[in-house]
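Quick note: the sequence shown uses my numbering, first residue 16, plus one each step. Okay, structure first, notes after.
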Amino acid sequence: MYSNDFRKESFTLKFANLSSPLALTVDQNSTLYICDTGHDRVLKVPNAHWMNTKHKPTILVRDLKHPRGLAVTADGYLVISDTDNHRILCYDPTQKEVVPISGSHEGFQDGLVSSASFRYPCGVDIGARGEIFICDLGNNAIRMIKDGVVSTIAGGHDDLGKLRGGWRDGLSHKALFDAPFSISVHQSSGDAYVSEPDKNRIRKLNYLPRAGGSSIYKQHPDREMLYTVETLLGKNPPGHSDSYIGASQTRCPTGLHVDFFGQLYFADTTNNVIRHVDEDALLYTYVGSPRPDPLPEAMVKDGEFEMCRFSNPVGLARDPSGRMFVSEPDMNRIRLIDRRAPEAPMDVPAPDED
(Lines of atoms letter the chains of each structure in order from A and count residues from 1; the text may use other names and numbers.)
(Lines give C-alpha, C1' and ligand atoms only; values in the text may rest on other atoms or scores of the structure.)
Protein backbone atom coordinates (compact mmCIF):
# COMPACT_ATOMS: atom_id res chain seq x y z
CA MET A 1 0.00 0.00 0.00
CA TYR A 2 1.68 3.19 -1.20
CA SER A 3 1.02 6.71 -0.05
CA ASN A 4 0.00 8.67 -3.16
CA ASP A 5 -0.40 12.27 -2.01
CA PHE A 6 1.74 13.38 -4.98
CA ARG A 7 4.06 11.97 -7.65
CA LYS A 8 7.31 11.03 -5.91
CA GLU A 9 10.63 10.19 -7.46
CA SER A 10 14.05 9.64 -5.92
CA PHE A 11 17.39 11.02 -7.10
CA THR A 12 20.93 10.55 -5.87
CA LEU A 13 22.83 13.63 -4.70
CA LYS A 14 26.36 12.68 -5.62
CA PHE A 15 28.34 14.45 -2.93
CA ALA A 16 31.93 13.30 -3.19
CA ASN A 17 33.95 11.98 -0.27
CA LEU A 18 31.23 11.18 2.26
CA SER A 19 31.83 8.54 4.93
CA SER A 20 28.86 6.97 6.71
CA PRO A 21 26.57 10.02 6.62
CA LEU A 22 23.90 9.63 9.30
CA ALA A 23 21.78 12.50 10.62
CA LEU A 24 20.40 15.20 8.32
CA THR A 25 18.53 18.42 8.91
CA VAL A 26 17.19 21.24 6.72
CA ASP A 27 16.57 24.89 7.63
CA GLN A 28 13.80 27.22 6.44
CA ASN A 29 15.86 28.18 3.39
CA SER A 30 16.22 24.51 2.40
CA THR A 31 19.90 24.49 3.30
CA LEU A 32 20.94 20.90 3.93
CA TYR A 33 23.21 19.93 6.85
CA ILE A 34 24.87 16.51 6.93
CA CYS A 35 26.49 14.57 9.76
CA ASP A 36 29.45 13.16 7.82
CA THR A 37 29.93 10.76 10.68
CA GLY A 38 32.85 8.72 9.39
CA HIS A 39 34.84 11.91 8.83
CA ASP A 40 33.85 13.41 12.22
CA ARG A 41 32.45 16.58 10.71
CA VAL A 42 29.28 18.45 9.68
CA LEU A 43 28.73 19.69 6.12
CA LYS A 44 26.51 22.46 4.76
CA VAL A 45 24.91 22.49 1.29
CA PRO A 46 22.86 25.60 0.37
CA ASN A 47 19.66 25.04 -1.56
CA ALA A 48 20.96 26.73 -4.71
CA HIS A 49 23.98 24.39 -4.82
CA TRP A 50 22.27 21.01 -4.88
CA MET A 51 22.35 20.67 -8.65
CA ASN A 52 25.24 23.02 -9.42
CA THR A 53 28.41 21.04 -9.96
CA LYS A 54 30.58 24.16 -9.59
CA HIS A 55 29.84 24.49 -5.88
CA LYS A 56 31.27 22.31 -3.12
CA PRO A 57 29.69 21.47 0.27
CA THR A 58 31.16 23.57 3.05
CA ILE A 59 32.81 21.91 6.03
CA LEU A 60 31.00 23.71 8.82
CA VAL A 61 32.34 21.87 11.88
CA ARG A 62 35.25 19.45 12.14
CA ASP A 63 37.18 17.55 14.84
CA LEU A 64 34.06 15.87 16.22
CA LYS A 65 33.81 12.22 17.24
CA HIS A 66 31.15 10.23 15.37
CA PRO A 67 28.38 12.89 15.46
CA ARG A 68 24.92 11.36 15.10
CA GLY A 69 22.40 14.15 15.67
CA LEU A 70 21.55 17.50 14.04
CA ALA A 71 18.79 20.07 14.45
CA VAL A 72 18.50 23.70 13.41
CA THR A 73 16.74 26.37 15.48
CA ALA A 74 14.29 28.94 14.12
CA ASP A 75 17.03 31.58 14.10
CA GLY A 76 19.53 29.39 12.28
CA TYR A 77 21.72 27.98 15.06
CA LEU A 78 22.77 24.38 14.46
CA VAL A 79 22.61 21.93 17.39
CA ILE A 80 24.96 18.94 17.12
CA SER A 81 25.22 15.69 19.06
CA ASP A 82 28.96 15.04 19.32
CA THR A 83 28.09 11.48 20.22
CA ASP A 84 31.32 9.77 21.19
CA ASN A 85 32.49 12.89 23.03
CA HIS A 86 29.26 12.73 25.09
CA ARG A 87 28.38 16.39 24.53
CA ILE A 88 25.94 18.75 22.83
CA LEU A 89 27.33 21.61 20.75
CA CYS A 90 25.94 24.62 18.91
CA TYR A 91 27.27 26.20 15.73
CA ASP A 92 26.72 29.98 15.84
CA PRO A 93 26.26 31.23 12.24
CA THR A 94 26.75 34.88 13.22
CA GLN A 95 30.14 34.30 14.85
CA LYS A 96 30.97 31.25 12.69
CA GLU A 97 32.14 29.31 15.71
CA VAL A 98 31.21 26.24 17.73
CA VAL A 99 29.93 26.83 21.26
CA PRO A 100 29.62 24.00 23.84
CA ILE A 101 26.14 23.68 25.30
CA SER A 102 26.45 20.81 27.76
CA GLY A 103 28.41 17.65 28.50
CA SER A 104 32.12 17.03 28.66
CA HIS A 105 32.40 13.45 29.90
CA GLU A 106 30.40 10.23 29.92
CA GLY A 107 27.75 10.05 32.64
CA PHE A 108 24.12 10.60 33.59
CA GLN A 109 23.48 13.76 35.54
CA ASP A 110 20.79 16.43 35.34
CA GLY A 111 21.20 20.03 36.43
CA LEU A 112 22.93 23.10 35.08
CA VAL A 113 24.36 22.67 31.59
CA SER A 114 27.83 23.26 32.99
CA SER A 115 27.67 20.15 35.18
CA ALA A 116 25.21 17.83 33.37
CA SER A 117 26.45 14.73 31.56
CA PHE A 118 25.32 12.39 28.77
CA ARG A 119 26.23 8.96 27.46
CA TYR A 120 26.35 8.72 23.66
CA PRO A 121 23.70 11.34 22.82
CA CYS A 122 22.23 10.76 19.35
CA GLY A 123 19.12 12.31 17.83
CA VAL A 124 18.21 15.90 18.69
CA ASP A 125 15.32 18.22 17.84
CA ILE A 126 14.09 21.69 18.78
CA GLY A 127 10.80 22.38 20.55
CA ALA A 128 8.47 25.29 19.83
CA ARG A 129 9.97 27.36 22.67
CA GLY A 130 13.55 26.62 21.79
CA GLU A 131 13.98 23.58 24.05
CA ILE A 132 16.53 21.02 22.90
CA PHE A 133 15.29 17.42 23.04
CA ILE A 134 17.93 14.68 23.06
CA CYS A 135 17.94 10.92 22.64
CA ASP A 136 20.52 9.95 25.28
CA LEU A 137 21.09 6.53 23.77
CA GLY A 138 23.60 5.18 26.28
CA ASN A 139 21.41 6.17 29.22
CA ASN A 140 18.17 4.88 27.60
CA ALA A 141 16.64 8.29 28.29
CA ILE A 142 14.99 11.29 26.67
CA ARG A 143 16.62 14.48 27.93
CA MET A 144 15.78 18.16 27.53
CA ILE A 145 17.80 21.38 27.75
CA LYS A 146 15.76 24.43 28.65
CA ASP A 147 16.83 27.75 30.19
CA GLY A 148 20.31 26.46 30.91
CA VAL A 149 19.14 23.33 32.74
CA VAL A 150 19.27 19.67 31.66
CA SER A 151 16.42 17.42 32.79
CA THR A 152 15.32 13.86 32.09
CA ILE A 153 11.86 13.70 30.54
CA ALA A 154 11.53 9.93 30.31
CA GLY A 155 13.50 6.74 30.77
CA GLY A 156 16.88 6.31 32.41
CA HIS A 157 16.05 4.79 35.78
CA ASP A 158 13.61 2.11 36.82
CA ASP A 159 11.46 2.14 39.99
CA LEU A 160 14.44 1.09 42.10
CA GLY A 161 16.60 3.90 40.76
CA LYS A 162 18.75 1.57 38.68
CA LEU A 163 19.97 2.80 35.31
CA ARG A 164 18.54 0.45 32.70
CA GLY A 165 16.61 0.22 29.46
CA GLY A 166 13.23 -1.39 29.00
CA TRP A 167 9.78 -1.11 27.51
CA ARG A 168 7.11 0.54 29.61
CA ASP A 169 4.47 3.06 28.56
CA GLY A 170 2.55 5.44 30.81
CA LEU A 171 3.47 8.73 32.45
CA SER A 172 6.83 9.91 31.16
CA HIS A 173 8.72 9.81 34.45
CA LYS A 174 7.74 6.13 34.84
CA ALA A 175 8.24 5.10 31.21
CA LEU A 176 11.26 3.08 30.06
CA PHE A 177 13.13 3.32 26.76
CA ASP A 178 15.71 1.08 25.13
CA ALA A 179 18.53 2.81 23.17
CA PRO A 180 16.46 5.71 21.74
CA PHE A 181 18.05 6.82 18.48
CA SER A 182 16.11 9.63 16.79
CA ILE A 183 13.52 12.18 17.92
CA SER A 184 11.14 14.58 16.15
CA VAL A 185 8.93 17.13 17.92
CA HIS A 186 5.61 18.39 16.56
CA GLN A 187 5.83 22.16 16.83
CA SER A 188 2.16 22.82 17.45
CA SER A 189 1.16 20.10 19.93
CA GLY A 190 4.52 19.56 21.61
CA ASP A 191 4.20 15.79 21.09
CA ALA A 192 7.42 13.93 20.29
CA TYR A 193 8.21 10.75 18.36
CA VAL A 194 11.19 8.54 19.23
CA SER A 195 12.67 5.57 17.37
CA GLU A 196 14.12 2.50 19.09
CA PRO A 197 15.70 0.63 16.17
CA ASP A 198 17.08 -2.27 18.21
CA LYS A 199 13.53 -3.12 19.32
CA ASN A 200 11.75 -2.24 16.04
CA ARG A 201 9.66 0.37 17.85
CA ILE A 202 8.50 3.94 17.52
CA ARG A 203 7.23 5.56 20.71
CA LYS A 204 5.10 8.69 21.03
CA LEU A 205 5.31 11.17 23.90
CA ASN A 206 1.98 12.98 24.19
CA TYR A 207 2.53 16.35 25.85
CA LEU A 208 0.25 17.17 28.79
CA PRO A 209 -0.29 20.94 28.93
CA ARG A 210 -0.58 22.39 32.39
CA ALA A 211 -3.97 23.89 31.58
CA GLY A 212 -5.45 20.48 30.75
CA GLY A 213 -3.42 18.32 33.11
CA SER A 214 -3.34 20.50 36.21
CA SER A 215 -4.30 17.66 38.58
CA ILE A 216 -1.43 15.51 37.31
CA TYR A 217 1.03 18.36 37.76
CA LYS A 218 -0.21 18.86 41.31
CA GLN A 219 0.65 15.23 42.01
CA HIS A 220 4.13 15.75 40.54
CA PRO A 221 5.14 19.30 41.48
CA ASP A 222 8.81 18.60 40.69
CA ARG A 223 8.02 17.98 36.99
CA GLU A 224 8.02 21.00 34.72
CA MET A 225 6.78 19.01 31.70
CA LEU A 226 4.86 15.73 31.68
CA TYR A 227 3.97 13.38 28.85
CA THR A 228 2.08 10.14 28.42
CA VAL A 229 4.18 7.61 26.53
CA GLU A 230 2.64 5.10 24.14
CA THR A 231 4.05 2.56 21.69
CA LEU A 232 2.97 3.77 18.27
CA LEU A 233 4.63 1.01 16.24
CA GLY A 234 6.45 -2.14 17.32
CA LYS A 235 3.91 -4.19 19.25
CA ASN A 236 4.08 -6.88 16.56
CA PRO A 237 7.04 -9.04 15.44
CA PRO A 238 9.49 -7.32 13.07
CA GLY A 239 8.50 -7.37 9.42
CA HIS A 240 6.85 -5.25 6.75
CA SER A 241 3.11 -4.76 6.58
CA ASP A 242 1.02 -1.67 5.83
CA SER A 243 -2.19 -1.31 7.80
CA TYR A 244 -3.53 0.51 10.83
CA ILE A 245 -0.65 1.17 13.18
CA GLY A 246 -1.83 -1.43 15.69
CA ALA A 247 -1.56 -4.18 13.09
CA SER A 248 1.50 -2.94 11.19
CA GLN A 249 5.10 -4.14 11.23
CA THR A 250 8.44 -2.38 10.91
CA ARG A 251 12.05 -3.54 10.95
CA CYS A 252 14.66 -1.26 12.57
CA PRO A 253 13.09 2.23 12.24
CA THR A 254 15.72 4.98 12.59
CA GLY A 255 15.51 8.58 11.35
CA LEU A 256 12.10 10.22 11.54
CA HIS A 257 10.28 13.50 10.93
CA VAL A 258 6.83 14.75 11.95
CA ASP A 259 5.43 17.50 9.74
CA PHE A 260 3.22 20.50 10.53
CA PHE A 261 0.07 18.40 10.14
CA GLY A 262 1.27 15.72 12.55
CA GLN A 263 2.01 13.12 9.87
CA LEU A 264 5.06 10.97 10.56
CA TYR A 265 7.72 9.86 8.09
CA PHE A 266 10.53 7.48 8.99
CA ALA A 267 13.33 5.38 7.56
CA ASP A 268 12.44 1.72 7.96
CA THR A 269 16.08 0.79 7.69
CA THR A 270 16.34 -2.95 7.23
CA ASN A 271 13.13 -3.03 5.19
CA ASN A 272 14.94 -0.61 2.84
CA VAL A 273 11.95 1.75 2.52
CA ILE A 274 10.60 5.07 3.75
CA ARG A 275 7.28 4.79 5.62
CA HIS A 276 4.49 7.26 6.37
CA VAL A 277 1.86 7.36 9.13
CA ASP A 278 -1.06 9.56 8.09
CA GLU A 279 -3.69 11.46 10.08
CA ASP A 280 -5.94 8.37 10.13
CA ALA A 281 -3.27 6.27 11.87
CA LEU A 282 -2.60 4.27 8.70
CA LEU A 283 0.96 3.14 7.98
CA TYR A 284 1.98 3.31 4.32
CA THR A 285 5.11 2.62 2.35
CA TYR A 286 5.95 6.14 1.21
CA VAL A 287 8.63 5.23 -1.33
CA GLY A 288 10.82 2.21 -2.06
CA SER A 289 10.34 -1.52 -2.36
CA PRO A 290 10.54 -3.61 0.84
CA ARG A 291 13.31 -6.16 1.09
CA PRO A 292 14.71 -7.51 4.38
CA ASP A 293 18.37 -7.57 3.33
CA PRO A 294 20.85 -4.85 2.34
CA LEU A 295 20.83 -4.33 -1.40
CA PRO A 296 23.99 -4.60 -3.47
CA GLU A 297 25.07 -1.45 -5.28
CA ALA A 298 23.86 -2.74 -8.62
CA MET A 299 20.28 -3.08 -7.35
CA VAL A 300 20.01 0.35 -5.71
CA LYS A 301 18.38 2.73 -8.16
CA ASP A 302 16.35 5.90 -8.48
CA GLY A 303 12.85 6.13 -9.89
CA GLU A 304 9.21 6.58 -8.93
CA PHE A 305 7.38 5.04 -5.97
CA GLU A 306 8.07 1.33 -5.63
CA MET A 307 10.46 1.36 -8.60
CA CYS A 308 13.26 3.02 -6.65
CA ARG A 309 15.44 0.99 -4.31
CA PHE A 310 17.15 2.00 -1.06
CA SER A 311 19.88 0.25 0.89
CA ASN A 312 19.61 0.63 4.66
CA PRO A 313 18.35 4.25 4.76
CA VAL A 314 18.93 5.99 8.12
CA GLY A 315 18.91 9.79 8.25
CA LEU A 316 15.80 11.66 7.16
CA ALA A 317 14.94 15.35 6.81
CA ARG A 318 12.15 17.23 5.04
CA ASP A 319 12.29 20.82 3.82
CA PRO A 320 9.40 23.35 3.86
CA SER A 321 8.33 22.44 0.30
CA GLY A 322 8.04 18.73 1.13
CA ARG A 323 11.28 17.56 -0.48
CA MET A 324 12.83 14.77 1.55
CA PHE A 325 16.49 13.89 2.06
CA VAL A 326 17.57 10.40 3.05
CA SER A 327 21.05 9.19 4.02
CA GLU A 328 22.40 5.76 3.13
CA PRO A 329 25.50 5.43 5.31
CA ASP A 330 26.50 2.04 3.91
CA MET A 331 26.57 3.58 0.43
CA ASN A 332 28.13 6.90 1.57
CA ARG A 333 25.45 8.98 -0.13
CA ILE A 334 22.36 11.16 0.16
CA ARG A 335 19.11 10.62 -1.75
CA LEU A 336 16.48 13.23 -2.59
CA ILE A 337 12.78 12.40 -2.88
CA ASP A 338 11.11 15.10 -4.95
CA ARG A 339 8.00 15.74 -6.99
CA ARG A 340 9.82 16.43 -10.22
CA ALA A 341 12.85 15.21 -12.14
CA PRO A 342 15.97 17.38 -12.15
CA GLU A 343 17.14 18.70 -15.48
CA ALA A 344 20.82 17.91 -14.88
CA PRO A 345 22.93 15.36 -12.98
CA MET A 346 23.65 16.35 -9.40
CA ASP A 347 27.35 15.54 -9.14
CA VAL A 348 28.94 17.70 -6.45
CA PRO A 349 32.70 17.98 -5.85
CA ALA A 350 34.38 17.10 -2.58
CA PRO A 351 34.06 19.63 0.28
CA ASP A 352 36.46 22.53 0.58
CA GLU A 353 39.05 22.00 3.28
CA ASP A 354 39.27 25.73 4.03
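All C-beta atoms, glycine included, are put in the ideal place defined by N, C-alpha and C.
From which residue to which residue does the beta strand (DSSP E) around residue i run?
i, result
"residue 197", "197–200"
"residue 40", "36–41"
"residue 169", "164–170"
"residue 353", "348–353"
"residue 377", "In the structure as shown, the chain starts at 16 and stops at 369, and residue 377 therefore has no counterpart that could be examined."
"residue 56", "56–60"
"residue 151", "147–151"
"residue 221", "216–223"
"residue 343", "339–343"
"residue 333", "331–333"
"residue 158", "156–161"
"residue 178", "Residue 178 -> no beta strand (DSSP E), and no H or E assigned at all."
"residue 102", "102–107"
"residue 211", "207–211"
"residue 94", "93–97"
"residue 135", "Looking at the DSSP string, residue 135 is not in any beta strand (DSSP E), and its letter there is neither H nor E."
"residue 51", "47–51"
"residue 84", "84–87"
"residue 33", "Residue 33 -> no beta strand (DSSP E), and no H or E assigned at all."
"residue 75", "73–76"
Going by C-alpha distance, which of the options is nearest residue i?
i, options, result
"residue 244", "218, 269 and 236", "218"
"residue 84", "233, 239, 332 and 261", "332"
"residue 324", "330, 172, 342 and 302", "302"
"residue 124", "268, 164 and 273", "164"
"residue 330", "77, 52, 242 and 117", "52"
"residue 326", "334, 339, 335 and 347", "347"
"residue 294", "305, 287 and 275", "275"
"residue 271", "118, 289 and 261", "289"
"residue 251", "151, 76, 181 and 216", "216"
"residue 265", "233, 237 and 305", "305"
"residue 118", "103, 258, 140 and 107", "103"
"residue 91", "79, 108 and 258", "108"
"residue 181", "337, 235 and 214", "214"
"residue 300", "337, 256 and 273", "256"
"residue 317", "353, 235, 58 and 292", "353"
"residue 77", "223, 50 and 39", "50"
"residue 145", "201, 98 and 169", "201"
"residue 30", "55, 41, 73 and 40", "73"
"residue 287", "338, 342 and 99", "342"
"residue 273", "56, 28 and 206", "206"
"residue 55", "62, 116 and 35", "35"
Taking the CB atoms as reference points, tell me whether residue i and residue j lie closer together than 8 Å.
i, j, result
"residue 254", "residue 204", "no"
"residue 246", "residue 184", "yes"
"residue 340", "residue 47", "yes"
"residue 160", "residue 209", "no"
"residue 298", "residue 263", "yes"
"residue 121", "residue 130", "no"
"residue 128", "residue 86", "no"
"residue 194", "residue 152", "yes"
"residue 344", "residue 37", "yes"
"residue 147", "residue 94", "yes"
"residue 335", "residue 110", "no"
"residue 88", "residue 141", "yes"
Could you give the C-beta distance for residue i and residue j, rounded to a whole number, given that I count them as a contact under 8 Å?
i, j, result
"residue 101", "residue 134", "6 Å"
"residue 171", "residue 155", "6 Å"
"residue 173", "residue 191", "7 Å"
"residue 26", "residue 351", "5 Å"
"residue 197", "residue 150", "6 Å"
"residue 137", "residue 212", "Not quite, the Cβ-Cβ distance comes to about 10 Å (not below 8 Å), so this is no contact."
Exercise for review: Could I get the ranges of all uninterrupted beta strand (DSSP E) runs contained in the segment 242–316, with 3 residues as the minimum, in chain order?
Suggested key: List check, beta strand (DSSP E) in window: 268–273, 279–283, 288–292 and 298–302.
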